[in-house]
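Read through the structure below, which is laid out as structure tokens, and then see the notes.
In mature numbering (1 follows the signal peptide of the UniProt record, and there is no 0), the protein residues as written are -26 to -1, 1 to 125.
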């Protein structure tokens, strides 16, 4: 009789673990999180409202949250790149040209100028950050995102 009870307990635990794993792997369309290589269409930014230089931030993995003036900004990969400003910083600095860089799925120590940069905040709760080195850049949103990966 004890053997059947142990088997029943093991079956219940296995079902709970499997349910937890399946829930963690649910697609974002069901209200879940964002996968590493997923792109999002969060709209088009309005006018540039604010430009800040010397902003400390290091988007090594693509899931690091930037806190600016007490507000969290979440990095994301835009699906609508062709609708975004080609030169987000150019509204303030005509000579600045930035090419978006790919997210890197591993943490690399920042090179000179990689962890300090320029932040442009736009209407529509979107922002753009580019490192002083020009090697790193990312779009940011005030929409809270749950990333389903870790570095």
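Each residue gets a CB set at the ideal place from its N, CA and C atoms; glycine is no exception.
- Beta-carbon to beta-carbon, residue 94 and residue 62 are separated by about 5 Å, close enough to satisfy the 8 Å threshold.
- Excluding the 5 residues flanking it on each side, residue 87 has same chain C-beta neighbours closer than 7 Å at 105, 106, 107, in chain order.
- For the options 9, 13, 28, the alpha carbon positioned closest to that of residue 92 is the one of 28.
- Runs of the beta strand (DSSP E) lying entirely within the segment 78 to 125, each at least 3 residues long, are 90 to 96, 100 to 105, 111 to 115 in chain order.
- Distance from the Cα of residue 48 is smallest, within the candidate group 38, 56, 96, 110, for 38.
- Check the Cα spacing between residue 111 and each of 41, 31, 123, 83: the tightest is with 31.
- Under the three-state reduction of DSSP output, residue 62 falls in the helix class.
- When DSSP states are grouped into helix, strand and coil, residue 29 belongs to the strand group.
- Residue 55 sits in a helix when the DSSP states are folded into three classes.
- Checking the DSSP bridge columns, you'll see residue 48 partnered with 115.
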